[in-house]
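A short write-up of the structure that comes next.
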Amino acid sequence: MSSDPLLQPYQLKHLTLKNRLMITSHEPAYPEDGMPKDRYRAYHVERAREGVALTMTAGSASVARDSPPVFNNILAWKDEVVGWMKELTDACHEHDCAVMIQLTHLGRRTRWDKADWLPVVSSSHEREASHKAFPKKAEDWDIARIIEDYADAAERMKAAGLDGIELQAYGHLMDQFWSPLTNDLDGPYGGSLENRLRFTFDTLKAIRARVGDEFIVGVRYTGDEDLPGGITREEGLEISQRLKDSGMVDFLNVVKGHIDTDAGLTDVIPVQGMRSAPHLDFAGEIRAATKFPTFHAAKIQDVATARHAIAEGKLDMVGMTRAHMADPHIVAKIMRGEEERIRPCVGANYCLDRIYQGGMALCLHNPSTGRELEVPHEIAKADASRRVVIVGAGPAGLEAARVAAERGHEVIVHEAANDPGGQVRLTAQSKRRHEMIQLIQWRFAECERLGVSFRFNSYADADTIRAEQPDVVVIATGGLPHTEVLDAGDDLVVSSWDILSGDARPGSNVLIYDDAGDYAALQAAETLAASGAKVEVMTRDRNFSSEVMAMSLTPSLRELQARDVTFTVLWKLTGVAKDGNGLVASVGSDYGAFTRERQVDQVVVNHGTRPLDDIYFDMREDATNQGEVDYEALIAGQPQTVTRNPCGAFQLFRIGDAVAARNTHAAIYDALRLMRTV
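Remember, our numbering sits 1027 above the position in the sequence shown when you count from 1.
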């Protein structure tokens, strides 16, 4: 048996978990019609097959009609869920992976205008800042009904063959009863701590009456709301002990904080630029005090931290949920002695941010996650080796090189700079986003392992590429900032890239015109504000930083608000002119003939990039496909067979920002789905 603490089995009641790594409950928003169908099952089975001991499905599976999901959650109140959950559970059990599900009633953490338009219900009329619905205060018949809903859902999960369930009690209805901030009920369910916990214990009793004593039941809860007037650390410890002493709970899954605001949610589930494993010691304190099975997950993104958590007795099971989105094969790689090959989670939080905006969870770093059926994680060998020449070693170019090399092709990469990385290397210069460089480091290491040849400081032109006698040419040259957007004065502005790279010195009174809404403007604002500049960020949009989603905004906004940066929406920059030693910026509106002026000494324009594509157009006529892509074949995972020039010498493609300004995920996904069929 291995001596690795992470690979030791763990006995939870009657259930033997084969190691100490788990995927905590989360909702990737893959259900169809509220059911965990093929896509959902494939996602969990991939991780089960590769060695994880326990997979928790369905963060926030809804137990009741008046708990409508605000994103695409499993509907545990429907009887048809049993069959789908059984298929998922059976498939994971084939790989000796235990399966549980998180059940919840969202309470006020939803909206009244979703699903059946039923009133939102909670233990007070207090509105949650995130979802903005004013709830109905629960009546006795609401409480009785919801308790039965929980019991019904638990019974369905036992019928589906799951190993257990977890009740969600932070930010949702159970926690709303717990917290003094959200419970102003009279009578048996309000007032004292004992009364505020009564709803939870009444629910546990009803569940146990349905599923028996052997079925595993746990609670995921906050042990400290970290909010004035909320549940304190001392009260959280008392709650932990009461849950243990009830005899109805088999494990505690501890978090710290509150999730009623974007900032609070981000502190509970930290993102890039925030401290790793910030609540691990707190979870360890709960375990030490209760001496009860304790689980925890919060930005535990590397194996060393997970191993420490187990070795030091802080946890019994350690959750690496977003890490398993980045690399579902973590356990298998540990067991093979290939830890250095684990694809690292870079904390970009593209996964969670997307679901909170109504999309399905996708990993910035791994486009196969959530697409296991269409774009499997394993890359098949090609029937014959070809010579593939790639221009550009940014994320798109490196992914193209990695995948082509995995296919068994000879791969040559030309890069004008002396290091790989492209725009990501520029992004990673900001301390808050330094983790992004791991996107590049991992791909470069994999390419070197696979024998890819790199030609750095190579300003390749069409003749350089033709001299390589390629079978396939991939242009991944990215783009350059586009700032020519004004009626007058384009020559007087600088780009966000100029600020980030240091090519332009910071001014002292700066207007940033952000017409792209991406990270570059925020990072430029941080750089300028840190230099002592007065900074205003202006956009014509209704919201600033529209392409940077809520949780990822939190660290940046804290930095910018602390430095008194001003955000102005609904105004657009129309021109810049010299004014003595300064500049005058003319401002207009899409809503009428309104004008304003700003007296500044520097104007920064963030308007995305335009493709750096000269080499692509220089080579088009020599290519068999003349650059054309068969989109139907691309989407279906079939080879590209377009032939527009039978006398051509090679196939030619371009990917990433060399096509159009998009994001890192799009660039990597372009490369992956194109090259996996070459």
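Ideal Cβ placement from N, Cα and C applies to all residues, glycine included. Just so it is clear, the structure is predicted and the values come from calculations on it, not from any experiment.
The residue among Ala1171, Thr1593 and Gly1615 with its C-alpha nearest the C-alpha of Gly1602 is Gly1615.
Pairing Gly1061 with Ser1087, the inter-Cα distance amounts to about 12 Å.
Counting other Cβ atoms within 10 Å of its Cβ, Asp1190 reaches 16 or more and is therefore classed as buried.
When DSSP states are grouped into helix, strand and coil, Glu1475 belongs to the helix group. For Asp1541, the enclosing beta strand (DSSP E) stretches over residues Asn1536 to Asp1541. Counting the other CB atoms within 10 Å of its CB gives His1152 a total below 16, which places it among the exposed residues.
Its chain contains Ala1423, Ile1682 and Gly1683 as the residues whose beta carbon lies nearer than 7 Å to that of Asp1697, once the 5 sequence neighbours on both sides are disregarded; these appear in chain order.
Here the alpha carbons of Leu1425 and Glu1437 stand approximately 14 Å from one another. Under the DSSP assignment, Leu1555 falls in the alpha helix (DSSP H) whose first and last residues are Tyr1546 to Ala1557.
Straight-line measurement puts the Cα of Gly1364 at about 32 Å from the Cα of Glu1114.
Excluding sequence positions up to five before and after Leu1200, its CB lies within less than 6 Å of the CB of His1132 and Gly1134, all in the same chain and listed in chain order. Short of 8 Å from the beta carbon of Arg1703, and not among the five residues preceding or following it, lie these beta carbons of its own chain, in chain order: Val1402, Ile1406, Ala1407, Val1430, Arg1434 and Gly1664. Counting only runs of 4+ residues, the alpha helix (DSSP H) found wholly inside the region 1485 to 1541 occupies 1489 to 1494 and 1523 to 1528, in chain order. As a beta-bridge residue in DSSP terms, Phe1677 pairs with Ala1650.
Put simply, the backbone Cα of Gln1496 is about 47 Å away from that of Met1578.
Beyond the five residues adjoining it in sequence on each side, Ala1685 comes within less than 8 Å, by CB distance, of Gly1419, Ala1423, Ile1502, Ala1503, Thr1504, Gly1505, Gly1506, Pro1638, Leu1639, Asp1640 and Tyr1643 in the same chain, given in chain order.
Sequence-distant partners of Asp1211 (beyond 5 residues in either direction) whose C-beta falls short of 6 Å from its own C-beta, in its chain, are Ser1151. Straight-line measurement puts the Cα of Arg1590 at about 10 Å from the Cα of Leu1555.
In this structure, Thr1137 keeps its C-beta atom at 9 Å or more from the C-beta atom of Ala1196.
Secondary structure remark: continuous beta strand (DSSP E) runs of at least 3 residues inside the region 1553 to 1597, in chain order: 1561 to 1566 and 1593 to 1596.
Beta-bridge partners of Arg1482 (DSSP): His1441. For Arg1625, the enclosing beta strand (DSSP E) covers residues Gly1619 to Val1627. Less than 9 Å divides the Cβ of Cys1474 from the Cβ of Ala1428. Nearest to Val1108 by alpha-carbon distance, out of Ser1094, Val1090, Leu1580 and Asp1123, is Val1090. Residue environment for Val1282: buried (at least 16 other C-beta atoms within 10 angstroms of its C-beta). Per DSSP, Ala1088 lies in no alpha helix (DSSP H) segment; the continuous beta strand (DSSP E) that holds it begins and ends at Leu1081 to Ser1089. For Phe1228, the three-state secondary structure derived from DSSP is helix.
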